[in-house]
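Here is the structure we will look at, set down as structure tokens.
There are 2 protein chains.
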Amino acid sequence: MSDSTDGIREGTDPRIASTRRQVLDAARKLLLEEGQEAVTPTRLAELTGVSRSTIYRRWPDPDDVIFEAIADDTDASPFTPSGDTRQDLIRYLEVLRQGLQAFHTGLLATRIDRAERDPETAQMLHTVAENRRDLMANLLQHPGDDFDAAQALIVGPLMYQRFLAREEITDELIELVVDSYMHSRDSPDRTNPQAGASPDHVTVAADKGANE
Amino acid sequence: MSDSTDGIREGTDPRIASTRRQVLDAARKLLLEEGQEAVTPTRLAELTGVSRSTIYRRWPDPDDVIFEAIADDTDASPFTPSGDTRQDLIRYLEVLRQGLQAFHTGLLATRIDRAERDPETAQMLHTVAENRRDLMANLLQHPGDDFDAAQALIVGPLMYQRFLAREEITDELIELVVDSYMHSRDSPDRTNPQAGASPDHVTVAADKGANE
DNA sequence: ACTTTATGGGACGAAACGTCCCATAAAGTT
DNA sequence: AACTTTATGGGACGTTTCGTCCCATAAAGT
């Protein structure tokens, strides 16, 4: 689906970049505030001042505007591991939390939804996940680890909190996630710990707040 | 936004239920296959045979069709805990995996996306998360646990695998998730020397909000 | 100065939108 | 059974948006 700007000599004419930037910025704004169905050539033209003709010419399939709009943000933040893996992971998740609270997170939700029926978006999402995994693998430095699984264990809970529970990602949750992962990594015996032996060693008045 | 069927006597006239079922089924089909922007009165009329007039009359705001379509599926599967918490959790996640692989999971993605800008959808999602949490809390039976955090730790990784990494949820991942959680729960934080004076490593969130 | 080209503006038919009215058939009522 | 109520179906309508086309123009490259 068109490598950004098909058939147009990129980088030469400044008008091209200008138009592209204006339209994609407006598309992102619309995506965040009103959703995919609001991203239409007519509305983009109204918002940007770019004429409808130009938009149709540059993106013959209006869907491509959305794809390029959500494909653009590249959040590749490098990370230098210190000695303390635990602290590194905490820092990693703090940055992730920041990203999940940032404005463009709504775009991630759009991507998730879109990936369900658009293979290209699915591929994009997969690539993003791989990049993040490599970033984290650099921190872990455990050659034997399954980094994909580790990524699921570490990033998953924050995703859940942000998108499903829709509640704040607290410092406590981050530490809990990291410690939980470190524990399971340091003691790899997964043969039936047979819990329930001493259910009382952690107890603080816990209202489960449930009212049915 | 209209509690399902406003202003219409429910349950009396079978035509009402019939129309509603046909339209919402078609809406779900469209949502899964083509996305929200495809769910339009005209297309619903074409798919169902229900006339366009009827659809406009019953859902004056076409957006309500989508809301009701994604609000309908109630996956409340009861769960009876055995003695073995680990096995219970594994079973719980196996059922969840099945749900995440099922056809209607695309609807969950739609909900996540929609919740970003529709408060009612956000509330619905939040409620779903609470119901799942209570379901799981029933299995854990650890009075001191923060079930919200536990839910994030346990469900989050599967969500990540399904929606972000977009890879298969393996048996190994499920066991890894469960064991990771059980480890962190059964052993007080030993990798956390500087956190100090917090003997109960969970139960911090104190369940704000309770209900609304 | 000259050429190339990305854009702007307007026109066009087709399609979908949202609203309205009225006939009809299916349901409930006596 | 006749009668009443009402949810639906089938249009018509003006409006808006869609996607496509052509041509003039201004900005960029030569």
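Residue numbers (my numbering), protein chains in the order written: chain A, 152 to 363; chain B, 152 to 363.
In this text, a Cβ means the ideal position worked out from N, Cα and C, and glycines have one as well.
Boundaries of the alpha helix (DSSP H) harbouring V306(B): F298 to M310, taken from the DSSP string.
The three-state secondary structure of A189(B), taken from DSSP, is helix.
Chain order gives the chain A residues near V306(B) as Y311, where near means a beta carbon separation below 7 angstroms. With contacts defined by Cβ atoms closer than 7 angstroms, Y311(A) and A178(B) do not form a contacting pair.
D215(B) and E184(B) have their C-alpha atoms roughly 19 angstroms apart. Rounded to the nearest angstrom, the Cβ distance from T261(B) to D264(A) is 6 angstroms, consistent with a contact under 8 angstroms. Between A222(B) and M275(B), the C-beta spacing is below 7 angstroms. Residue environment analysis places Q292(B) among the exposed positions, since fewer than 16 neighbouring C-beta atoms fall within 10 angstroms of its C-beta.
Distance from Q187(A) to I217(A) at the Cβ level is roughly 6 angstroms; contact confirmed, criterion being Cβ atoms closer than 8 angstroms. Of the other Cβ atoms in all chains shown, 16 or more fall within 10 Å of the Cβ of R248(B); this residue is therefore buried. Your pair I325(B) and E245(B) checks out as a contact, with CB atoms roughly 7 angstroms apart and the cut at 8 angstroms. Each residue's CA atom was taken as its position, placing S331(B) and S338(B) some 11 angstroms apart. Within chain B, no C-beta atom comes nearer than 9 angstroms to that of T278(A); the closest sits roughly 10 angstroms away.
Straight across, the Cα-Cα distance linking T231(A) with G250(A) is about 18 angstroms. In the three-state DSSP reduction, H255(A) falls in the coil class, being neither helix nor strand. For R313(B), the number of other beta carbons within 10 angstroms of its own is at least 16, and it is reported as buried. Listed in chain order, the non-local C-beta contacts of A280(A) below 8 angstroms within the same chain comprise Q302, local neighbours out to five positions each way being set aside. Between P165(B) and P192(B), the C-beta spacing is not below 7 angstroms. Closest in alpha carbon position to A220(A), among S202(A), L175(A), G234(A) and E318(A), is L175(A). Note on geometry: alpha-carbon atoms of L195(B) and W210(B) lie some 12 angstroms from one another.
With a threshold of 7 angstroms between beta carbons, D285(A) makes no contact with chain B.
Counting only runs that start and end inside the region 167-238 of chain B, the alpha helix (DSSP H) elements of at least 4 residues fall at 192-199, 203-209 and 214-222. With its beta carbon at least 7 angstroms from every one in chain B, T205(A) lies outside the interface.
DSSP, reduced to helix, strand and coil, places H334(B) within a helical segment of the structure shown.
Listed along chain A are L304, each with a C-beta nearer than 7 angstroms to that of V328(B). Taking a beta-carbon distance threshold of 7 angstroms, A168(A) does not count as an interface residue toward chain B. Taking C-beta separations shorter than 7 angstroms and ignoring five residues to either side along the sequence, the partners of S202(B) in its chain run A196, following chain order. Ranked by Cα distance from S204(A), the options S233(A), K180(A), T170(A) and T236(A) are led by T170(A).
In this structure, the alpha-carbon of Q252(A) lies about 47 angstroms from that of T163(B). Annotation: Cβ neighbours of D299(A) in chain B (cutoff 8 angstroms, chain order): A316 and E318. In this structure, V306(A) lies away from I241(A), with their beta-carbon atoms at least 7 angstroms apart. Counting only the Cα atoms, L181(B) lies some 20 angstroms from R208(B). In the DSSP assignment, R268(A) falls outside any alpha helix (DSSP H) and carries neither an H nor an E. With its beta carbon less than 7 angstroms from one in chain B, S331(A) belongs to the interface. One alpha carbon belongs to F298(B), the other to R336(B), and they sit about 12 angstroms apart.
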